[in-house]
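Under the working numbering, the first residue of the sequence shown carries the number 7, and numbering increases by one thereafter.
Note that CB positions come from ideal geometry on N, CA and C, so glycine has one too.
Remember, predicted model here, so these are calculated numbers, not experimental data.
Some notes on the structure that comes next.
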Amino acid sequence: MAQETRFLNEPVSKGFIGSVAAVGLAAALSVAAATAHAQVAGSQTIGVSQEEMKLVATGWSAKKNILGKAVYNDKNEKIGTVDDLIISPNKSVSFAIIGAGGFLGMGKHDVAIPINRIKEESNKLVLPGATKEALKALPEFEYAKKGKTENNTRG
Numbered sequence: 007m008a009q010e011t012r013f014l015n016e017p018v019s020k021g022f023i024g025s026v027a028a029v030g031l032a033a034a035l036s037v038a039a040a041t042a043h044a045q046v047a048g049s050q051t052i053g054v055s056q057e058e059m060k061l062v063a064t065g066w067s068a069k070k071n072i073l074g075k076a077v078y079n080d081k082n083e084k085i086g087t088v089d090d091l092i093i094s095p096n097k098s099v100s101f102a103i104i105g106a107g108g109f110l111g112m113g114k115h116d117v118a119i120p121i122n123r124i125k126e127e128s129n130k131l132v133l134p135g136a137t138k139e140a141l142k143a144l145p146e147f148e149y150a151k152k153g154k155t156e157n158n159t160r161g
């Protein structure tokens, strides 16, 4: 079993983490960008600097570059698809939800993989050392029911 889950101990890919961090920053700044220079009586002006806008523009789009994309292992075998990204309470992208196996949504097994384990190589998402079988052996990810989490900070 240790051989099947070896990929969880692989070194962190700084390039992909930076890209995913940029996605998180882009999401946070998109609200600010939409309301740039908006001012409500008794509040401060909201603005986005030129430097921040460059970071947003060059970052990855979760919708265009990550969600729905295939995930491969280091043998270039497709092992799943990124179905979702989990943003932790501290507003950073922490996990990718990867759907393994299944056909047309039937029999798919969703698992949560720490985002720092996924690498970006040649425009592909790679989870080194993983196999479909190893992913299917992991506990299946299930979303918390609304109101059932200890620290439910989303309204």
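Exposed or buried, which one is residue i when buried takes at least 16 other CB atoms within 10 Å?
i	result
A63	exposed
Y78	buried
K125	buried
A76	exposed
A150	exposed
G113	exposed
Using a Cβ-Cβ cutoff of less than 7 Å, which residues in the same chain neighbour residue i once the five nearest sequence positions on both sides are dropped?
i	result
F101	I92, A118, I119, P120 and I121
L133	F13, V77, N79, I85, I119, R123 and I124
Once you ignore the five residues that flank residue i on each side, which residues in its own chain have a CB closer than 8 Å to its CB?
i	result
P145	V117
T137	E10, N79, E83 and I85
G74	T87, V88 and D89
K81	none
Which residue or residues does DSSP assign as beta-bridge partners of residue i?
i	result
Q120	Inspection of the sequence shows that residue 120 is occupied by Pro rather than by Gln. DSSP, once it has assigned bridges, lists F101 as partnering P120.
E126	L131
L91	A102
A76	T87
Could you pull out every residue in the same chain whose Cβ sits closer than 6 Å to the Cβ of residue i, ignoring the five residues on either side in sequence?
i	result
K142	A106, G107 and H115
K130	Y78
I72	V88
Quick one: does the C-beta of residue i sit closer than 7 Å to a heavy atom of the ligand FAD?
i	result
T87	Summarising the ligand content, the structure contains no ligands, and the ligand FAD is consequently not present.
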